[in-house]
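Report on one structure; see the data block that follows.
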Amino acid sequence: MDYLVAWLLLPLLVAVTSLGVGLGVSRLSGVRLPAGLTLPLGFAASLVLLSFPFALGLGQAWGGVVLAVATVAGLVLGWDRVPAALPGRWLTLGMLAVFGIYIAPVVLSGDLTFGGYAFLGDTSVHFTLIDYVAKHGSTHVFEPPSTYAGVTQALIPTGYPIDLHLELASLRWLTGTDLAAIYQPFLAATIALGVGPAMYLLGRIGMPRALAALSSVVALSAYLVFSYSLEGATKELAMVVLTLLGAALTLMFFDAERTLRLAVPLGITIAAAFGIYSAGGLPWFGLMFLLAAGAAVVQGASLRSLVKPTLALGVATGVASIPAMLKAVDFYSQGTNLVNSSDASTRLGNLIGPLKSAQAAGIWLVGDFRLFTHHPGLTYSLIGVVAVLTLFGVAQLVRRGSYALLLLLAAAFLAWLVVPGSPWIDAKLLLLLSPAVLLTALTGAWLLGRGGHGIEATVLAAAVISGVFVSDALAYHDMYLAPNARLSELKKVGERFSGRGPTLYNEFEEYGKHYLRGMRVNTAGDGFSPYPPELRDPAAGSYAQYHDLDEMKLPYVLRFPVIVMRRSPVASRPPAPYTRVFQGRYFEVWQRPGGAAGLPSAHLPLGNATDSTARPACRDVRALASQARSAGSSLVAAVRPPVVSLPVKQMQLPRGWPVGADGRVGPQTPGTASGSLTTSAGAYRVWLRGTFGRGVDVRVDGRTVGHANGIQTPQQMAYLGLLNLGAGSHQVQLVRAGGGLAPGNGRDEAYDTFFLEPVAPERLERVAPAAARSLCARRADWIEVVAG
Numbered sequence: 003m004d005y006l007v008a009w010l011l012l013p014l015l016v017a018v019t020s021l022g023v024g025l026g027v028s029r030l031s032g033v034r035l036p037a038g039l040t041l042p043l044g045f046a047a048s049l050v051l052l053s054f055p056f057a058l059g060l061g062q063a064w065g066g067v068v069l070a071v072a073t074v075a076g077l078v079l080g081w082d083r084v085p086a087a088l089p090g091r092w093l094t095l096g097m098l099a100v101f102g103i104y105i106a107p108v109v110l111s112g113d114l115t116f117g118g119y120a121f122l123g124d125t126s127v128h129f130t131l132i133d134y135v136a137k138h139g140s141t142h143v144f145e146p147p148s149t150y151a152g153v154t155q156a157l158i159p160t161g162y163p164i165d166l167h168l169e170l171a172s173l174r175w176l177t178g179t180d181l182a183a184i185y186q187p188f189l190a191a192t193i194a195l196g197v198g199p200a201m202y203l204l205g206r207i208g209m210p211r212a213l214a215a216l217s218s219v220v221a222l223s224a225y226l227v228f229s230y231s232l233e234g235a236t237k238e239l240a241m242v243v244l245t246l247l248g249a250a251l252t253l254m255f256f257d258a259e260r261t262l263r264l265a266v267p268l269g270i271t272i273a274a275a276f277g278i279y280s281a282g283g284l285p286w287f288g289l290m291f292l293l294a295a296g297a298a299v300v301q302g303a304s305l306r307s308l309v310k311p312t313l314a315l316g317v318a319t320g321v322a323s324i325p326a327m328l329k330a331v332d333f334y335s336q337g338t339n340l341v342n343s344s345d346a347s348t349r350l351g352n353l354i355g356p357l358k359s360a361q362a363a364g365i366w367l368v369g370d371f372r373l374f375t376h377h378p379g380l381t382y383s384l385i386g387v388v389a390v391l392t393l394f395g396v397a398q399l400v401r402r403g404s405y406a407l408l409l410l411l412a413a414a415f416l417a418w419l420v421v422p423g424s425p426w427i428d429a430k431l432l433l434l435l436s437p438a439v440l441l442t443a444l445t446g447a448w449l450l451g452r453g454g455h456g457i458e459a460t461v462l463a464a465a466v467i468s469g470v471f472v473s474d475a476l477a478y479h480d481m482y483l484a485p486n487a488r489l490s491e492l493k494k495v496g497e498r499f500s501g502r503g504p505t506l507y508n509e510f511e512e513y514g515k516h517y518l519r520g521m522r523v524n525t526a527g528d529g530f531s532p533y534p535p536e537l538r539d540p541a542a543g544s545y546a547q548y549h550d551l552d553e554m555k556l557p558y559v560l561r562f563p564v565i566v567m568r569r570s571p572v573a574s575r576p577p578a579p580y581t582r583v584f585q586g587r588y589f590e591v592w593q594r595p596g597g598a599a600g601l602p603s604a605h606l607p608l609g610n611a612t613d614s615t616a617r618p619a620c621r622d623v624r625a626l627a628s629q630a631r632s633a634g635s636s637l638v639a640a641v642r643p644p645v646v647s648l649p650v651k652q653m654q655l656p657r658g659w660p661v662g663a664d665g666r667v668g669p670q671t672p673g674t675a676s677g678s679l680t681t682s683a684g685a686y687r688v689w690l691r692g693t694f695g696r697g698v699d700v701r702v703d704g705r706t707v708g709h710a711n712g713i714q715t716p717q718q719m720a721y722l723g724l725l726n727l728g729a730g731s732h733q734v735q736l737v738r739a740g741g742g743l744a745p746g747n748g749r750d751e752a753y754d755t756f757f758l759e760p761v762a763p764e765r766l767e768r769v770a771p772a773a774a775r776s777l778c779a780r781r782a783d784w785i786e787v788v789a790g
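The number in the working numbering is simply the position in the sequence shown, starting from 1, with 2 added.
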C-alpha cells in the first residue's frame, strides 16, 4: 500500500491540488490561462498560500486542511474551466515522461527510498526542518538541546526560506506516509510541472506540439537538473519550473489586453520563488521583466503605459510575499555571508571544485557531475553541437522576431553572468541556465529542418538527445540510494523510545536527527550536535566520523542515559550500568537507571578497530585495583570472545581491485577475492566492513552466506548471517558480479575487513580488588571501577 501511496497517490495529489488552486487563482484574478500553465501556477500558489497559516505557528494538519479546502474551492469556482485547464495528449505524455525519468531510480530499485544518501547532507536538514514546521509552523520555538534542535535553532530564527518544506509537511499529513517514501516522488512530480510552460514557450514560436513535448522532456532532463534530483535537491527543481512559468507569464503580461489582471498570477509566481530562495530567487524574474519591458518600449510602448502594470505587479508580489519578506529581513545577513564567504568549505559546499561552464549544455559524460568527464573528446563534441544549434536558434529567432525563448535564455544567461557568488552558487546558476540552452538548441534544430536541411537537423537533434540521456544514465548508474531497511529500523527505534533521552548516537548517520528527534538525540559526528564527542585522544577529529564508545571519555558517555549504536562485532559494550533494551538487525538501544548511583568512576578501554577485546597490561589492572580499593569499589570486566578477522587487502585480489591509501580495496571490475582464516569450532555471525554499491556475494568454504549491499556510514558494516564452522582453516571468497541496470549499480565501493564473530552471551564479571591479578590473563572489552 505504501508503494501505491508514494508512487501513485502522491503525484496525483500534487496534480489535483495544483489544478484546484490554479483554477482558483485563475477565477479570482479573471485570467484564463492555457492548460499548460494552470498546474504550475497552482503549485506556486500552494506555496504562497501555505506560508500564511504556517507563519502563524500552525502545523502540518492545518496546512493539509488549508491545501485541501483551497483545492476543493478552486475546483468548484473554476469548474467550467476544468476541461480547458486539463493537459492535452502531448502535454500529458510529456509530463508523464518527465515524471517517469525522475522517479525511475526509486521505482527500479524496488524500494521506498530516496537519492543523495551520504552524498549530500542537505536532505537530512530538509527532513529535520519539515519535522519542525509540521509541529511549530515557521515560527521560532525553543527546543531542548539535541542534534535535531541544533538544525532548527540554527536556521529557523535566521529566516531560512522553507516554503517547499511547508508543502511537503502538508502532503505528508494528507498521505499519512513516511517522508522518506514521498520525497523523491515529490521531486519527480514537481519537475514534471515544468513541461507545460516549456511547451507554451515553444508553441509561441510555432513548434508543433509533438516536437514541443519531446523538446521539453529533453530540456527538463538536462544532466545537471537530473543529477541534482539524484542528490535530493528540492529547491533547484522547483526553481526550474518557476523560471519557465515566469517567462511564460511575463510574455503574457506584456502582450495581453488585460495586463493588470495578469499581475496576480505573475506576482504569485515571483512570491513563490522568493519563498524558496529568499531574495536569491528574484534575479531571473527581474531580468525577464526588464528585458520584456525593453522590448515593449522598442516596439512602441510608452514608459508611462508601463507604470500602472508595474505597480500592479509590485503590489501583487508584495502581498503574496508578506511571510517570505518578514523572514528575508532576518535571512539577509546570512545570505550575504554565503555569497561573500571566503571559507573554502562554504564556497564549495559538496563540490570538489568549480563546475565547467560547458555543463550548462545539459551533457556531461560521467556519473558524478562534480568530476571531469572520462570521455572529453566525445563530450565536448556533443557540447559543441548544442552550442552551434543554440547560436543558430538565437539568430533565427531574432530574424523571425520570436522572442519567447530568447527572454528565458537571456535572463538565465545574464543571471549566471552577473549574480555574484561562490562555485556552489554558480553551479545552481548553471543548472537553471541548462534547460533554456537545450530548449533553444532543439529549436535551432527544428528551424534548421524547416529550412530544407531535414536530414542534418535530425542527425544533430539525435546527437543532442542521445548526449542528454546517456549523461543521465551515467548519473543514474552512479547514484547514492538511501538504505531504506536500515533507516526504517532507525525510525522504529525513534518511535518506540520517544520521550526518553537525552540520547547518545555514536554513528555518523545524518538522518539520526530526523528519525531519533523524539529521543533528544545527540549524533556525535554531526555538525549540528550540541555536545561534540569528548575524545580520549584530543588530536582525533570528530566531525563526520564514527567513534567507538571506548574512544570517548567516560563522563561524556555517562551524561546520556540512553545510547543508540550500530550492531557490530567490534563495537565496545556501553559501560556497566547500561542494559540492552532493544536489538534489531542493524541497531541496539542501551539504557541505564537514572541517578548517580552505580556509575563507574574509571574505565580502561581495550581492543582496537578489528577486535574489541585484548589482554590488559597488569600495571593498568593494578592501578585500577588501587583506585577501587580506596573507594570501596569493585572491578567489573566486560568479557567476550575475540572475533576472527581477515583484512580484504590481504586476500588474493583480482586485477582492477586496487588498494587505496586508507587500506581499503576499491573494486572497479567484476571478480573474486580469495583468502583463508583459522577458527575454532562453533557458531559465528558473518560481517563485512565497507560500503557497497553493486554489492558483493560472500562465500565461506564455497557456500554463499549472504550478499553485502547498501551504502554504509564510516567504519560500519553489513551483516551477512549465521554460520556453523568446524575447527581449522576456512576459505573466504568475495564475489563481485558484472554490472546491471539497477540504480547505483556503478557507484564506488570499498571493502575493508571480513569478520567472524563468535555467537556467545556477553558477561560482566565483578572482581574484588584483591583478586584483580586474575584479569591480567583475560581478554576483555574493558575494565571499570564500579561502586559496590
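In this text, a Cβ means the ideal position worked out from N, Cα and C, and glycines have one as well. The structure presented is a predicted model; accordingly, all values stated were derived computationally and were not measured.
Closest by C-alpha distance to GLY740, when choosing among VAL734, GLN733, GLY748:
Translated into positions along the sequence shown, residue 740 becomes position 738. It is GLY748 whose Cα lies nearest to the Cα of GLY740.
Between the C-alpha atoms of THR525 and GLU511, what's the straight-line distance to the nearest angstrom?
In the sequence shown, residue 525 corresponds to position 523, counting from 1. In the sequence shown, residue 511 corresponds to position 509, counting from 1. C-alpha separation (whole angstroms): 7 angstroms.
Going by the CB atoms, is the gap between VAL242 and GLY96 shorter than 8 angstroms?
Looking up residue 96 in the sequence shown gives position 94. Looking up residue 242 in the sequence shown gives position 240. Not in contact: GLY96 and VAL242 (Cβ atoms no closer than 8 angstroms).
Let me know the secondary structure DSSP gives ASP257 once reduced to three states.
Your numbering for residue 257 matches position 255 in the sequence shown. If DSSP states are grouped into helix, strand and coil, ASP257 belongs with the helices.
Could you name the residues of the same chain whose beta carbon sits closer than 7 angstroms to that of ALA250, not counting the 5 residues immediately before and after it, in chain order?
For the purposes of this step, residue 250 is taken as the residue at position 248 of the sequence shown. These residues qualify, in order along the chain: LEU39, PRO199, TYR202, LEU203.
May I have the straight-line CA-CA distance separating ARG696 from ALA215, to the nearest angstrom?
Numbered from 1 along the sequence shown, position 694 holds the residue referred to as residue 696. Numbered from 1 along the sequence shown, position 213 holds the residue referred to as residue 215. Approximately 35 angstroms between the Cα atoms of the pair.
Unbroken stretches of the beta strand (DSSP E), 3 residues or longer, contained in the region 630 to 694
635 to 641, 646 to 649, 673 to 681, 684 to 693
What separation, rounded to the nearest whole angstrom, lies between the Cα atoms of LEU444 and ALA303?
Numbered from 1 along the sequence shown, position 442 holds the residue referred to as residue 444. Numbered from 1 along the sequence shown, position 301 holds the residue referred to as residue 303. Computed Cα separation, rounded: 32 angstroms.
Spatial neighbours of ARG768 in its chain, beta-carbon cut-off 6 angstroms, leaving aside the 5 residues before and after:
The residue you call residue 768 lines up with position 766 of the sequence shown. If we look at ARG768 and ignore the five residues flanking it on each side, its Cβ neighbours are SER636, VAL638.
Where does the unbroken beta strand (DSSP E) through MET567 begin, and where does it stop?
Within the sequence shown, numbered from 1, the residue matching residue 567 stands at position 565. First-last of the beta strand (DSSP E) with MET567: 564 to 568.
Whose C-alpha, out of TRP784, ALA464, MET719, is nearest the C-alpha of ARG587?
Within the sequence shown, the letter at position 585 stands for residue 587. Considering only alpha carbons, the answer is MET719.
For GLU238, the nearest candidate out of VAL390, ASP180, LEU725, LEU166 (CA to CA)
As a working mapping, residue 238 is identified with position 236 in the sequence shown. The candidate whose alpha carbon is nearest that of GLU238 is LEU166.
If you run the structure through DSSP and keep just helix, strand and coil, what is ARG705?
If you number the sequence shown from 1, residue 705 lands on position 703. The answer is strand: DSSP assigns ARG705 an E or B state.
How about PHE45 and GLY139: do their beta carbons lie closer than 8 angstroms?
Translated into the one-based positions of the sequence shown, residue 45 becomes position 43. Translated into the one-based positions of the sequence shown, residue 139 becomes position 137. Contact: no.
Just to confirm, is the Cβ distance from THR674 to LEU766 under 8 angstroms?
Taking the sequence shown and counting its residues from 1, the one referred to as residue 674 is at position 672. Taking the sequence shown and counting its residues from 1, the one referred to as residue 766 is at position 764. It is not a contact, given that the beta carbons lie outside the stated cut-off.
Alpha-carbon to alpha-carbon, ARG582 and PRO563
For the purposes of this step, residue 563 is taken as residue 561 along the sequence shown, with counting starting at 1. For the purposes of this step, residue 582 is taken as residue 580 along the sequence shown, with counting starting at 1. If you take the alpha carbons of PRO563 and ARG582, they lie about 12 angstroms apart.
Run the proximity test for ILE365: is its beta-carbon closer than 7 angstroms to any non-hydrogen atom belonging to the ligand MN?
Annotation note on the ligand MN: not contained in the displayed structure, which lists no ligands.
Suppose contacts are defined by Cβ-Cβ distances below 8 angstroms. Is VAL646 in contact with LEU608 by that definition?
As a position in the sequence shown, residue 646 is number 644, starting the count at 1. As a position in the sequence shown, residue 608 is number 606, starting the count at 1. Cβ distance not < 8 angstroms, so VAL646 and LEU608 don't count as in contact.
How big is the Cα-Cα spacing for ALA465 and ALA397?
The residue you call residue 465 lines up with position 463 of the sequence shown. The residue you call residue 397 lines up with position 395 of the sequence shown. The straight-line gap from Cα to Cα measures roughly 21 angstroms.
Once you ignore the five residues that flank SER500 on each side, which residues in its own chain have a CB closer than 8 angstroms to its CB?
Translated into positions along the sequence shown, residue 500 becomes position 498. Correct list, in chain order: GLY520, MET521.
Complete alpha helix (DSSP H) runs within the region 152 to 177 (minimum length 4 residues, chain order)
165 to 177
Counting Cβ pairs, one atom from each stretch, are 3 or more of them under 8 angstroms apart for the region 623 to 630 and the region 771 to 789?
yes
Since SER218 sits in a beta bridge, which residues does DSSP pair it with?
If you number the sequence shown from 1, residue 218 lands on position 216. Bridge partners of SER218: none, in fact.
By Cβ distance, which residues of its chain are closer than 6 angstroms to LYS329, with the 5 residues on each side in sequence left out?
Here residue 329 refers to the residue found at position 327 of the sequence shown. Contacts found: GLY161.
So LEU49 and GLY277 are supposed to be a Cβ contact under 8 angstroms. How far apart are they, rounded?
As a first step, residue 49 is located in the sequence shown; it is residue number 47 there, counting from the start. As a first step, residue 277 is located in the sequence shown; it is residue number 275 there, counting from the start. Right, their Cβ atoms sit about 6 angstroms apart.
Output the distance between the C-alpha atoms of ALA611 and LEU195, rounded to the nearest integer angstrom.
The count along the sequence shown starts at 1 and reaches residue 611 at position 609. The count along the sequence shown starts at 1 and reaches residue 195 at position 193. Rounded to the nearest angstrom, the two C-alpha atoms are 50 angstroms apart.
Limits of the beta strand (DSSP E) - the one that VAL583 falls within
Here residue 583 refers to the residue found at position 581 of the sequence shown. Per DSSP, VAL583 belongs to the beta strand (DSSP E) from 581 to 585.
Grab the span of the beta strand (DSSP E) containing PRO760 for me, first residue to last.
As a working note, residue 760 is residue 758 in the sequence shown. 752 to 760 is the span of the beta strand (DSSP E), which, as asked, contains PRO760.
Rounded straight-line distance, which links the Cα of LEU244 to that of ARG2:
Residue 2 is absent from the model: the chain starts at 3 and stops at 790.
In chain order, which beta strand (DSSP E) runs of at least 3 residues are fully inside the region 514 to 553?
523 to 525
Pick from ALA541, MET554, LEU10: whose alpha carbon is nearest that of PRO535?
Taking the sequence shown and counting its residues from 1, the one referred to as residue 535 is at position 533. Comparing Cα-Cα distances from PRO535 to each of ALA541, MET554, LEU10, the minimum goes to MET554.
According to DSSP, residues forming a beta bridge with THR381:
Position 379 of the sequence shown, counting from 1, holds the residue named residue 381. According to DSSP, THR381 bridges with nothing at all.
What does a CB cutoff of less than 8 angstroms around VAL266 pick up in its chain, not counting 5 residues either side in sequence?
Translated into positions along the sequence shown, residue 266 becomes position 264. The residues are VAL27, LEU30, SER31, VAL33, ALA318.
What are the boundary residues of the alpha helix (DSSP H) that includes GLY76?
Taking the sequence shown and counting its residues from 1, the one referred to as residue 76 is at position 74. Note, GLY76: alpha helix (DSSP H), 62 to 79.
Which residues in the same chain have their Cβ closer than 6 angstroms to the Cβ of LEU246, if we skip the five residues on either side of it in sequence?
Counting from 1 along the sequence shown, the entry for residue 246 is found at position 244. Cβ within range, chain order: GLY196, PRO199, ALA200.
Going by the CB atoms, is the gap between LEU226 and SER436 shorter than 8 angstroms?
Within the sequence shown, residue 436 is the residue found at index 434, counting from 1. Within the sequence shown, residue 226 is the residue found at index 224, counting from 1. Against a cut-off of 8 angstroms, the Cβ pair of LEU226 and SER436 comes out as a contact.
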